[in-house]
Amino acid sequence: KLSFKIICVFQISDEEQGYDLDLFCIPKHYADDLERVYIPHGLILDRTERLAREIMKNMGGHHIVALCVLKGGYKFFADLLLDYIKALNRNSDLTKQIHLILNDTHPHLLDLLLVRDIIDTGKTMKTLLELLKQYNPKMVKVASLLVKRTPRSVGYRPDFVGFEVPDKFVVGYALDYNEYFRDLNHICVISETGKEKYKA
């Protein structure tokens, strides 16, 4: 029987203002649509590597099916699984196979690692986890790059968290606003101009 410890979470305070856009490479077409760079790309990658180590430590020895939940998580999913966990697995004596699939086919066969971009209220994840119960998976764990501190939260917490962030509207690193900003490497706070420009 495995025991899972609570890992340290990178908490970003409510007072954190982020970084001036001029300090980073921002696509010109988004220059007026963002307020600040909130989490730089390099910090995202470093934190993702650390999460990969925690996942390997806590789920070692298991055959894992990794599922990307919604398309906003594809960059985090790719960096976490294809780069860091795969590299750690090559350099490890653990007998682990990471199966990378994007659909929930035969979840009862293996242990599941669900990978998300952001947990906002937590309602989506709670609903998904309830749906997965009907397949009787051996184990389900959730890794999320971001968890938002919001009064709308239902109290759900994933097993692995990259950053805990204030209740701000963030975009970039595949997080979108009406399908825009997915191509932005950094996680940024969208401006009112950007919200108005790209509203549906």
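When you number the sequence shown by the UniProt record's numbering, it's gap-free, plus one each residue, and the end is 200.
Note that CB positions come from ideal geometry on N, CA and C, so glycine has one too.
Requested in this report: Would you give the residue range spanned by the alpha helix (DSSP H) that histidine 41 belongs to?
Outcome: 41-58 is the span of the alpha helix (DSSP H), which, as asked, contains histidine 41.
Query raised in the report: Cβ atoms of alanine 143 and leucine 80: under 9 Å apart, would you say?
Result: Yes. Within cutoff.
Report task. Would you identify the three-state DSSP class for aspartate 20, choosing helix, strand or coil? Result -> coil
Query raised in the report: Could you check where the beta strand (DSSP E) with glutamate 164 kicks off and where it finishes?
Result: 160-165
Query - Top-ranked residue by Cα proximity to phenylalanine 10, from Arg50, Leu132, Gly172 and Leu21 - result: Arg50
**Report entry** Classification of cysteine 25 by the beta-carbon crowding that lies within 10 angstroms, buried from 16 upward
**Finding:** It counts as exposed.
Query raised in the report: Which class does glycine 73 belong to by DSSP, given the choice of helix, strand or coil?
Result: helix
Requested in this report: Measure the alpha-carbon distance for methionine 56 versus glutamate 196 and round it to whole angstroms.
Outcome: 42 Å
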